[in-house]
Ligand SMILES: C[S@@+](CC[C@H](N)C(=O)[O-])C[C@H]1O[C@@H](n2cnc3c(N)ncnc32)[C@H](O)[C@@H]1O
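Residue numbers (the working numbering): 136 to 427.
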C-alpha cells in the first residue's frame, strides 16, 4: 500500500493538463468576490524538485512541462517578446511555473496545492489531504505559513464529506487519486455521488488516467452518468498505445459545474497542448460537454 509517489511523475503531460485546467478554473472562480474554499483530496507533496532521485528515475517531466520549457515560442512568450503568442491558459500556467523557477532554469514543478495557492486570495481556505507520511510532512511544512489552511494526513476520499458544504458555500474540489488499486475507481464514483448529496453546487474536478484497462475506459462514462448538471470532459492523448497493454496513453479531466469560460479556454488551448506534448503522432485532444 502507498507505493505510489508523485515525485516520479511530477510535471509529466498528465500533470500539465490537470494543472492547466485547475489554474484556469480557479482564476475564473476568484473573479467573483465571495470567498472560495479549495479542497485537494490527494494533494501530494505540494512541489517537486526535479533534480531529486525520484524525478530523475523516469524523467517524465521531460515529456511534459520540460518539453514545453524547451520551446522557443514558450521562451519568447515568457520573456514577453513582441509577437510571441501562446493560448492564454497555457501561458498563465507557465508563468506560474516560472514563479517557482525565477532564473528560468526548470528545477521545480509546482504541485496542485502550490498552483492553487498562487491563484487563491489570502483569505480563501485550503483543505489539503495526503496519506503518504513523507509527502504529508513536506506539504505541511510548505503550507505552515499560510492562514486558513489545514493539511491532514488522512484518507481524502473519506474526509471529503467532513468539509462539505464549506461555510462560504463556494468550493473547488480537486480529486486526483493515484488509482493504485482497482477499487479506487468505484470508490471515486461513490465519493462523488455522496459529495453531490451534501454539496450539490460545488465545482468538482476529477483527474483520471487514459489506460487500456476497462476500469479506466469506463470511468468517464460513469462520471457523466452521475452528473445531474453541467459538466465538461477533456482528454489529452500524448503517447501511443503500447503492445503490452500497459502504460499511460494520456489523461482526462472531468469537471462538474465548470465555471463559465473554462470550456472555451480548453477549446482554445487543447489542440496546442496535443501538438506540443504528443509523441510519435499520438497527440490528440478531445472535449465533450453538457451545458443544460
Ligand atoms: C496523483 S498524486 C497527487 C498529485 C497532486 N494532486 C498534484 O497535482 O500535484 C496522488 C497522491 O495521493 C496520495 N494518496 C493515495 N491515496 C490517498 C488517500 N486515500 N487519501 C489521501 N491521499 C492519498 C498519494 O500518496 C499521492 O501523493
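For each residue, glycine too, the CB sits at the ideal point set by N, CA and C.
Query, Result
"Three-state secondary structure (DSSP) of residue 385", "strand"
"N- and C-terminal bounds of the beta strand (DSSP E) containing residue 422", "419-425"
"Secondary structure, alpha helix (DSSP H): runs of 4+ residues fully inside the stretch 285-359", "291-294, 318-333"
"Three or more C-beta pairs below 8 Å linking the stretch 216-229 and the stretch 256-265", "no"
"heavy atom of ligand 1 below 7 Å from residue 283 C-beta", "no"
"Neighbour flag for residue 173 against chain C, beta carbons, 8 Å", "The structure shown contains no chain C, having only a single protein chain."
"Beta-carbon proximity list for residue 423, same chain, < 6 Å, skipping 5 on both sides", "368"
"beta-carbon residue 187 near ligand 1 non-hydrogen atom, thresh 7 Å", "no"
"Whole runs of the alpha helix (DSSP H) within the stretch 209-280, excluding any shorter than 4 residues", "223-235, 247-254, 268-277"
"Segment contact flag, the stretch 309-319 with the stretch 187-203, C-beta cutoff 8 Å, min 3 pairs", "no"
"Distance CB(residue 250)-CB(residue 158) smaller than 8 Å", "yes"
"Residue 146 to residue 413 span [Cα, whole Å]", "15 Å"
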